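The structure appears below as structure tokens.
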Amino acid sequence: MILITTPGKVGSEAARLLAERGEAVRVLARDPAKADGLRQAGVDVVEGDLNAPASIDAAMRDVKSVVLVSPAVPAQELNVIDSAARANVARVVKITSRASADSPIARQRGQVEIETGLITSGLGYTLLRSNFYMQNLLMLASGISRTGRFGSSAGAGQVGFIDARDVAAVAAEIASSPERHTGSMYLLTGPELLSYADVAATLTAVLGRPIAFDERTVEEDKQAMMNVGVPEPVAAMNAHAVSLIAEGEAAWLSDDVPAILRRQARTFQQFITDHLAAFS
Ligand SMILES: NC(=O)c1ccc[n+]([C@@H]2O[C@H](COP(=O)([O-])OP(=O)(O)OC[C@H]3O[C@@H](n4cnc5c(N)ncnc54)[C@H](OP(=O)(O)O)[C@@H]3O)[C@@H](O)[C@H]2O)c1
């Protein structure tokens with residue numbers, strides 16, 4: 001049995017891929033109704049909360065691999081690691097970012113704390129450190145479709161964006177054939193470095209109408225995120241993270257996705273083509 005700790009973007013796609021391959025897969029969900037589609041696809045959906053160790057222990061029954069993905073609150077993910085150790089789980093595949101202990105972004109420092117907890121737990125582990133997800137753009141999709149423009153404080157900085165579906169595909173691959181990958185760390189990116197102006201050009205080409213990119217301040221970026229419902233502290237942290245793109249923080253690529261999946265990573269053009277409805 002493979003346990004996936006949340007049915008978010010990465011978790012639900014990983015669960016779907018594993019069920020499609022005939023693997024026994026379970027997803028822990030705060031609200032199982034939201035994961036009804038996964039249940040219909042053959043996934044065992046169980047109710048739980050990462051703040052409630054007893055619910056994690058119940059979900060850990062007969063589990064050999066865990067895909068650890070969540071908003072990365074250290075206490076919650078460390079609860080999962082402790083539960084996996086109690087259950088003698090063979091390995092944990094941890095979805096993380098390219099973090100450093102002295103990052104100015106609290107979530108990044110939290111990722112380091114979780115990674116350290118996992119590495120020192122004695123469990124088998126694989127770390128998947130991803131660049132920015134293409135899916136972050138979906139937050140701006142309705143604004144783009146209404147106004148034909150979007151903005152950010154990333155300036156001319158480049159990003160090795162990855163499609164979250166490819167993060168899920170790598171996690172699913174490793175969770176179901178883990179021996180080769182135990183103790184490894186992979187860097188997950190798409191195939192190209194793109195600035196936000198490049199993203200606007202790709203949107204223009206795929207949608208067939210002009211989409212403009214506006215440079216914004218960090219404060220304007222934070223307000224735009226709050227306008228689409230992101231809570232203030234998260235918007236402040238995310239806006240700060242985006243502003244670091246201007247300093248080259250996300251300008252890195254890796255070949256780990258094609259090496260593990262034996263196919264190319266999805267391009268931004270592919271991502272937009274697959275989400276046309278959201279931008280139209
Ligand atoms: N976005 C990026 O650009 C990026 C880049 C690199 C790495 N990452 C990493 O990716 C991870 C996030 O993955 P994602 O994008 O797949 O997540 P996501 O789509 O934001 O989904 C988060 C999931 O966590 C669930 N959840 C939240 N609190 C919970 C709790 N207390 N107990 C149980 N479930 C809970 C949510 O359930 P509800 O629906 O009930 O809220 C939701 O299903 C983070 O570690 C992040 O650092 C993201």
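According to the UniProt record's numbering, the sequence shown holds residues 1 to 280 in order. Yeah, the Cβ is synthetic: ideal placement off N, Cα and C, and Gly gets one too. Since we're looking at a predicted model, the values are computed, not measured.
Best match in the options for proximity to residue i [C-alpha to C-alpha]
i      : options                        : result
Glu220 : Arg262, Ala154, Met185         : Ala154
Glu190 : Asp44, Ser97, Gln264, Ile272   : The sequence shown places Gly at residue 190, not Glu. Ranking the options by Cα distance to Gly190, first place goes to Gln264.
Thr273 : Trp252, Ala205, His240         : Ala205
Met134 : Ala84, Asp198, Lys94, Ala175   : Asp198
Val67  : Asp102, Ala99, Leu17, Ser103   : Leu17
Ala224 : Ala239, Phe213, Ile81          : Ala239
Ala90  : Val27, Ala99, Thr96, Lys64     : Lys64
Ala101 : Thr116, Ile95, Asp214          : Thr116
Phe213 : Leu188, Gly157, Leu3, Leu187   : Gly157
Gly37  : Ala84, Asp163, Ala15, Asp57    : Ala15
Val27  : Ala75, Val73, Val80            : Val80
Ile95  : Thr202, Val25, Glu215, Pro74   : Pro74
Glu247 : Glu192, Val159, Pro210, Ala277 : Val159
Alpha helix (DSSP H) segment containing residue i, residue limits
i           : result
Ala164      : 164-176
Arg86       : 74-86
Glu13       : 9-20
Tyr196      : 196-207
Asp132      : The displayed chain sequence assigns Phe, not Asp, to residue 132. Where Phe132 is concerned, there is no enclosing alpha helix (DSSP H), given that its DSSP letter is neither H nor E.
Gly143      : 141-147
Met225      : 218-227
residue 282 : Nothing about residue 282 can be reported from this structure: the residues present for the chain run from 1 to 280 only.
Cβ-Cβ separation, residue j to residue i (assumed contact under 8 Å), whole Å
i      : j      : result
Thr120 : Val69  : The pair is not a contact, with the Cβ atoms about 20 Å apart (cut-off 8 Å).
Ser195 : Val218 : 17 Å between Cβ atoms; not a contact.
Val92  : Leu118 : 6 Å
Asp82  : Tyr186 : Not really, about 24 Å apart at Cβ, beyond 8 Å.
Ser55  : Ala35  : In fact, because the Cβ distance is near 15 Å, the residues do not count as touching under 8 Å.
Gly148 : Arg209 : 7 Å
Host beta strand (DSSP E) of residue i (start-end)
i      : result
Phe161 : Element bounds for Phe161: n/a, residue is neither H nor E.
Lys94  : 91-97
Ile2   : 2-4
Val66  : 65-68
Glu215 : 212-215
Arg26  : 25-29
Check: residue i C-beta below 8 Å from any heavy atom of ligand 3
i      : result
Gln111 : Ligands present in the displayed structure are limited to ligand 1, and ligand 3 is not among them.
C-beta neighbour in chain C for residue i, strict 9 Å
i      : result
Met185 : This model lacks chain C altogether, as it is built from one protein chain only.
Should the region 140-147 be called in touch with the region 107-114, which here means at least 3 C-beta pairs below 8 Å?
-> Counting C-beta pairs closer than 8 Å gives fewer than three between the region 140-147 and the region 107-114, which falls short of the contact rule.
Do the region 228-238 and the region 167-187 make contact, defined as three or more Cβ pairs closer than 8 Å?
-> Contact check between the region 228-238 and the region 167-187: fewer than three CB pairs, one atom from each, fall below 8 Å, which does not count as touching.
Do three or more CB pairs link the region 42-49 to the region 19-34 at distances below 8 Å?
-> Contact between the region 42-49 and the region 19-34 is present, because at least three Cβ pairs lie under 8 Å.
Report the residue ranges of all beta strand (DSSP E) runs contained in full by the region 100-126; include only those spanning at least 3 residues, in chain order.
-> Segments of the beta strand (DSSP E) lying fully in the region 100-126: there are none.
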